[in-house]
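This report concerns only the one structure given below.
In this note's numbering, the protein residues as written are 2 to 987.
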């Protein structure tokens with residue numbers, strides 16, 4: 002059967018003057034697929050692609066690449082309502098130069114040619130789509146997990162610039178196409194059901210395990226035309242449930258330092274107690290904490306699109322469509338952790354010049370520190386809505402016009418009475434000497450002296466967060482084409498785009514980390530003993546017998562209710578109903594373009610396209626920020642910041658750009674092409690980089706606090722792009738291509754930290770009470786001694802309030818900074834246009850079909866390089882390109898009239914994912930990762946088929962480290978996923 006893919010409405014798309022070259026000997030199916038790639042700016046453009054099965058899908062994708070203007074890759078659905086992968090991001094990763102970030106075990110965001118998700122633009126049928134995510138509130142990266150693949154007919158990836166392409170995609174502009182009824186007359190309908198078993202959902206503690214082992218998915222598509230093909234209606238829908246889990250071991254608050262071997266400071270390791278101690282200029286870091294967490298997740302995803310079309314004449318087609326998606330995620334988590342306070346320690350180290358920790362142990366002879374065990378229970382909901390109207394008019398045989406308008410929103414918000422994120426802490430204050438073995442992939446925590454009978458588990462601190470993100474786009478576009486002479490065409494257009502983005506949140510934090518009430522308030526039956534090792538059995542090192550293997554989980558709401566009752570402060574155990582921080586950014590853009598396409602009748606046929614685009618943007622940023630009032634010292638190294646009434650501030654910015662582009666391709670032979678492209682593109686800054694207003698983080702430390710502030714005057718990143726390629730289409734479905742690309746980028750927003758003293762906040766560190774404690778014999782690094790002295794000797798004095806002693810005999814209470822105490826320093830992160838970078842790379846593609854055997858193979862490799870790499874031996878803030886990595890794909894297929902089999906292996910090399918960890922300016926490296934997926938289909942009849950899919954069959958783990966591989970940041974174990982589906986086509 003065939004599939005008609007329309008980018009928005011009908012058969013009246015302005016066509017390029019270039020003749021379409023069909024593959025010699027190609028069947029009608031391939032000839033139709035060989036049409037030129039639709040302009041991403043033109044929702045009304047039609048591209049009819051008729052495919053049947055895996056081989057035809059690959060052939061259609063090849064012809065899309067071959068006949069496109071510029072550098073375009075794509076993926077075409079195998080049949081109506083049947084895309085090659087269940088996740089669009091995982092389909093995109095099969096394209097050379099495209100890598101993906103995974104979240105909860107599936108593809109989420111994409112990096113293209115070393116350029117991260119924030120600088121890749123996603124269009125739906127040629128329309129700019131808004132983005133929202135509570136996991137990355139201020140980001141622009143589009144989360145493909147929100148879109149089910151069943152309603153998608155084609156993905157187009159535009160890697161080179163051209164004037165008619167909307168701005169925003171430096172790496173690529175990705176156009177997601179859905180089917181239109183008038184492009185495929187008659188009745189078309191499918192229905193599919195699927196059962197999903199995710200093995201990761203089984204390997205979880207009982208308190209976080211969610212739902213059934215097998216979860217359902219259902220999808221359907223209906224399309225029909227009426228009135229002699231003048232009316233059309235299409236409806237697609239899908240509903241999917243998934244239960245899953247993942248388990249992490251993490252130094253979640255990062256690594257303190259780096260320190261030089263000859264440095265003596267708070268956090269440095271003492272002399273004489275370390276094996277192979279770093280010396281001189283050798284750098285090293287010490288861990289802030291170690292955390293093991295187990296998360297159980299349930300997800301429900303709903304997608305739908307309704308499309309009406311009316312073509313009263315052959316010259317006029319109108320389209321009205323509405324697209325909806327909803328992604329609901331519920332998360333439960335239990336964890337166990339230990340925090341380090343940089344007291345007396347022993348350790349062993351690798352060699353320099355950057356020493357990695359092999360073991361690190363802090364001595365706690367009194368065995369009275371906390372064994373922290375926490376839980377979380379929260380839920381989020383993301384909704385995407387888009388209403389659009391399009392009309393395409395063929396004025397005469399030479400002139401065609403098109404109008405497209407849409408209003409689209411993306412909104413993410415809490416879906417639980419407990420907020421969009423939370424943590425409820427408990428602890429047993431019986432931790433003695435605490436060590437970690439970092440010598441293997443899995444960090445092994447050992448604890449001496451633990452005694453849950455002597456020090457029963459009790460509630461400590463808690464955090465409840467409510468987050469909210471909404472992005473709204475109103476866009477109007479006008480496109481036109483005018484055929485000049487026989488072999489030329491002038492394209493023109495203008496657009497108005499109004500983007501409103503709002504990011505808001507509030508935090509309800511109770512910093513009673515020394516104990517919120519007393520242990521007797523919590524019956525032992527609330528806590529459930531667990532063994533830790535089983536949840537990390539796939540990670541090297543988890544079998545170490547030194548592992549502290551016993552911990553306790555609990556039901557979040559049961560313990561929350563107990564704490565609320567015992568404290569008499571129930572409101573502190575729920576999220577706030579108002580937002581403390583509310584950041585709003587508006588971008589109003591106007592654009593116009595001209596593009597001239599010409600075919601040259603030379604000895605070697607040449608097609609050229611030269612164009613220019615003008616873009617003007619006004620930015621307005623308004624922020625509601627809380628005003629900090631005091632700093633309190635509430636426990637060992639916890640200095641929460643208190644806030645008063647927030648207020649709004651408004652700042653503005655503007656910029657404009659003229660962006661030229663030039664494309665040329667030359668037919669070296671009937672089966673060979675050469676390509677060249679030059680173009681300039683821009684990528685707009687992240688919203689947190691634009692947002693005005695200074696926001697301080699709620700928790701400071703003994704050395705001070707942190708905060709952030711945006712800059713709405715930032716210019717977008719500008720990239721000058723050069724592409725070269727050679728392509729050889731040596732068979733009906735086979736080709737080889739080699740491409741080279743270069744990008745020269747400027748105006749990157751460099752993240753820098755400056756020391757500031759906002760609001761004149763006073764800290765008790767170094768104040769009169771502090772100095773009195775030091776004068777009485779307390780060492781400045783012994784925070785427990787200093788707190789005991791102040792609370793026992795100055796109770797009732799201004800700012801000092803003593804509570805009851807904890808189970809270990811240490812004083813509890815609050816010490817507030819006084820008017821004559823030192824003013825606290827805060828590291829404020831801000832942004833400015835100060836960075837530039839160069840990228841270059843190679844892309845190799847090979848696709849070969851072995852005659853009529855049914856076997857075929859597709860492979861690609863991408864090499865990306867930049868001189869702007871992170872220097873691990875340098876201290877302080879650095880600018881480096883994140884997300885840049887080599888990647889490769891190998892796909893093997895077999896297909897006949899009954900069976901279709903696809904085995905796909907995807908590999909991504911190590912890459913830098915961030916230049917900051919939880920402690921400060923430190924690198925985060927995601928280690929090389931490869932994943933094997935398998936799909937097997939069987940056609941029972943012409944209408945009914947079965948499909949088996951296996952994802953991550955080799956059960957790979959994900960690991961992130963810092964300056965050395967021993968500086969673990971995260972290691973995650975999840976599991977494979979299996980699906981069995983049935984599909985019926987009417």
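In this text, a Cβ means the ideal position worked out from N, Cα and C, and glycines have one as well.
Per DSSP, the bridge partner or partners of residue i
i, result
"residue 601", "607"
"residue 676", "666 and 726"
"residue 798", "Per DSSP, none; premise fails for residue 798."
"residue 535", "BP columns for residue 535 are empty, so no partner."
"residue 1001", "Absent from the model: residue 1001. The displayed extent of the chain is 2 to 987, so no value can be given."
"residue 860", "847 and 891"
"residue 281", "According to DSSP, residue 281 bridges with nothing at all."
"residue 592", "496 and 616"
"residue 587", "501 and 621"
"residue 650", "624"
Residue environment, residue i, which counts as buried when at least 16 other CB atoms sit within 10 Å
i, result
"residue 943", "exposed"
"residue 646", "exposed"
"residue 970", "buried"
"residue 835", "exposed"
"residue 487", "exposed"
"residue 506", "buried"
"residue 248", "buried"
"residue 978", "buried"
"residue 52", "Since pLDDT at residue 52 reaches only 47, below the 50 mark, its modelled position is unreliable, and the value read off the structure follows with that caveat. Buried: at least 16 other Cβ atoms inside 10 Å."
"residue 982", "buried"
"residue 270", "buried"
"residue 605", "exposed"
"residue 267", "exposed"
"residue 66", "buried"
"residue 635", "buried"
"residue 538", "exposed"
"residue 46", "For residue 46, the predicted model reports a pLDDT of 41, less than 50, meaning its position is unreliable; a value from the coordinates is still stated below. It counts as buried."
"residue 676", "buried"
"residue 572", "exposed"
First through last residue of the alpha helix (DSSP H) which encompasses residue i
i, result
"residue 561", "557 to 568"
"residue 135", "Element bounds for residue 135: n/a, residue is neither H nor E."
"residue 771", "769 to 776"
"residue 689", "688 to 691"
"residue 265", "Where residue 265 is concerned, there is no enclosing alpha helix (DSSP H), given that its DSSP letter is neither H nor E."
"residue 743", "Where residue 743 is concerned, there is no enclosing alpha helix (DSSP H), although the beta strand (DSSP E) it sits in stretches over 736 to 757."
"residue 833", "Note, residue 833: premise wrong, no alpha helix (DSSP H); beta strand (DSSP E) at 827 to 850."
"residue 68", "54 to 68"
"residue 629", "Residue 629 -> not in any alpha helix (DSSP H); beta strand (DSSP E) instead, spanning 629 to 634."
Candidates the options, of which the one nearest residue i by Cα
i, options, result
"residue 329", "417, 786, 395 and 344", "417"
"residue 585", "470, 726 and 968", "470"
"residue 890", "189, 923 and 931", "931"
"residue 753", "832, 926 and 983", "832"
"residue 132", "212, 385 and 240", "385"
"residue 382", "654, 135 and 237", "135"
"residue 123", "175, 147 and 117", "175"
"residue 884", "713, 861, 929 and 605", "929"
"residue 841", "765, 724 and 763", "724"
"residue 64", "804, 672, 933 and 365", "672"
Extent of the continuous beta strand (DSSP E) to which residue i belongs
i, result
"residue 75", "73 to 77"
"residue 978", "978 to 986"
"residue 104", "99 to 104"
"residue 490", "489 to 511"
"residue 125", "122 to 125"
"residue 109", "107 to 113"
(message) Which runs of the beta strand (DSSP E) at least 3 residues long sit entirely within the region 297 to 359? Give them in chain order.
(response) As far as the region 297 to 359 is concerned, its whole beta strand (DSSP E) runs of at least 3 residues are 317 to 340 and 346 to 350.
(message) Runs of 3 residues minimum, wholly inside the region 871 to 958: which ones carry the beta strand (DSSP E) assignment?
(response) Segments of the beta strand (DSSP E) lying fully in the region 871 to 958: 888 to 896, 900 to 909, 912 to 915, 925 to 927, 930 to 940 and 945 to 952.
(request) Please list the segments of the beta strand (DSSP E) lying wholly inside the region 390 to 465, counting only runs of 3 or more residues, in order along the chain. (result) The region 390 to 465 contains these whole beta strand (DSSP E) runs: 400 to 415, 422 to 432, 435 to 438 and 445 to 448.
(request) Tell me the start and end of each unbroken beta strand (DSSP E) in the region 155 to 237 that is at least 3 residues and wholly inside, in chain order. (result) The qualifying runs are 155 to 159, 174 to 178, 189 to 199 and 215 to 227.
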